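Down below is the structure, laid out as structure tokens.
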Amino acid sequence: MLKDIYTWLLDNYGPQGWWPLVTYKGTNPTKTGALKGYHPGDYSFPHNDSERFEICIGAILTQNTTWLQVEKALVNLKRMNALNVKGMKKLSVGKLKEAIKCAGYYNQKSKYIKEFSTLFSNLEKFPPTRAELLSVNGIGEETADSMLLYAFGVPTFVIDAYTRRILLNLGLITADAKYEDIKALFENNIDNDLIIYQEFHALLVEHAKRYYNNKNVTKKCPLSTKFGKN
DNA sequence: AACCAGGACGTGA
DNA sequence: TCACGTCATGGT
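In our numbering, the protein residues as written are 4 to 233.
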């Protein structure tokens with residue numbers, strides 16, 4: 004069932020190339036958001052610690068905001084040479100807030116980022132454990148799993164509000180399903196494959212943006228007729 | 001112009 | 001454990 008959904012999504016939308024990284028025009032950092040700015044079908048990313056760090060910062064910044072806003076914040080940070088641990092640690096909290104203001108919740112996110120940076124630089128080895136990530140204030144289950152999956156190459160499934168919404172609409176979960184329940188549902192039914200895990204989550208987000216863009220589902224989800232239980 | 005976005009935390013029951 | 005308020009900007 005879930006595998007069939009994955010196949011349908013991949014066939015219809017193609018590889019998403021997550022996690023998006025900041026791209027350049029010449030030497031000038033511009034965007035990540037455009038599809039061409041991703042790296043669809045190339046699963047070799049991230050290539051270095053700087054990219055790993057960038058993904059983690061993006062994971063914190065994207066909490067309850069759109070990627071469009073996150074992208075602007077990331078570009079600001081990149082231009083300040085702060086999208087790597089050393090640069091970030093040198094950046095004052097004031098400058099940090101200024102740079103990420105567009106992504107919202109800048110007071111708390113600036114703390115989260117600073118605290119995460121300390122953990123990142125203190126890590127003896129990659130990948131960190133899930134518990135280590137969760138110990139940082141501001142890193143919850145989804146953010147931790149996103150970091151593990153996209154920054155550190157650990158095949159762990161990411162559950163977000165969109166995923167929950169889709170599965171609920173399809174009747175595959177009930178409203179009281181917890182994060183761990185939904186995560187287990189995927190991990191017990193999908194091959195433990197890094198590429199599939201990365202792609203599946205990204206595809207669910209893309210699908211949800213098309214059909215579940217507000218809290219009361221209005222548009223007809225094409226998955227529901229094919230795979231829905233009701 | 002109200003509604004909401006790729007959540008997480010602190011609080012009180 | 002769990003429900004609920006809070007955090008904040010900017011696009012649609």
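The beta carbon of each residue, even a glycine, is placed where N, CA and C say it ideally should be. Predicted model, so just to flag it, every value in this text is computed and none were measured.
Contacts around residue i, its chain only, beta-carbon distance under 6 Å, and the 5 residues preceding and following it disregarded
i    : result
A205 : Q19, W21
S149 : A62, V161
T159 : D148, L151, L152
Own chain partners of residue i with C-beta closer than 8 Å, once the 5 adjacent residues on each side are dropped
i    : result
A147 : R133, L136, L137
N256 : What the structure shows of the chain is the stretch from 4 to 233, and residue 256 is not part of that stretch, so it cannot be assessed.
M83  : G90, L94, K98, A102
Y115 : I63, V139, N140, G141, I142
Distance, residue j Cα to residue i Cα
i    : j    : result
E118 : C224 : 40 Å
N216 : G44  : 26 Å
L13  : H42  : 15 Å
L64  : K229 : 35 Å
E127 : N87  : 17 Å
R55  : E145 : 17 Å
K6   : S113 : 38 Å
L188 : T30  : 44 Å
N195 : V157 : 10 Å
K181 : Y200 : 19 Å
P23  : V73  : 11 Å
A164 : Q66  : 11 Å
L71  : A106 : 9 Å
W11  : A178 : 24 Å
P32  : A85  : 12 Å
V96  : V208 : 31 Å
R168 : T68  : 17 Å
P131 : F203 : 23 Å
Presumed contact (8 Å Cβ cut-off) between residue i and residue j, rounded CB distance
i    : j    : result
L152 : V139 : The pair is not a contact, with the Cβ atoms about 17 Å apart (cut-off 8 Å).
L170 : K232 : In fact, because the Cβ distance is near 10 Å, the residues do not count as touching under 8 Å.
I103 : A76  : 4 Å
S124 : K92  : 7 Å
T166 : I193 : Not a contact, Cβ separation roughly 13 Å.
I8   : L197 : No, I8 and L197 are not in contact; Cβ-Cβ is about 19 Å, not under 8 Å.
Under the three-state DSSP convention, the category residue i falls into
i    : result
K114 : helix
P225 : helix
K28  : strand
K232 : coil
I169 : helix
I199 : helix
A265 : A query on residue 265 cannot be resolved here, the shown segment of the chain reaching from 4 to 233 and no further.
D45  : coil
N125 : helix
A178 : coil
F119 : helix
Sequence-distant residues of its chain with Cβ nearer than 7 Å to residue i (five each side left out)
i    : result
F129 : F155
E190 : F160
>> In chain order, what are the residue ranges of uninterrupted alpha helix (DSSP H) at least 4 long that sit wholly in the region 60 to 101?
In response: List check, alpha helix (DSSP H) in window: 70 to 82, 88 to 93.
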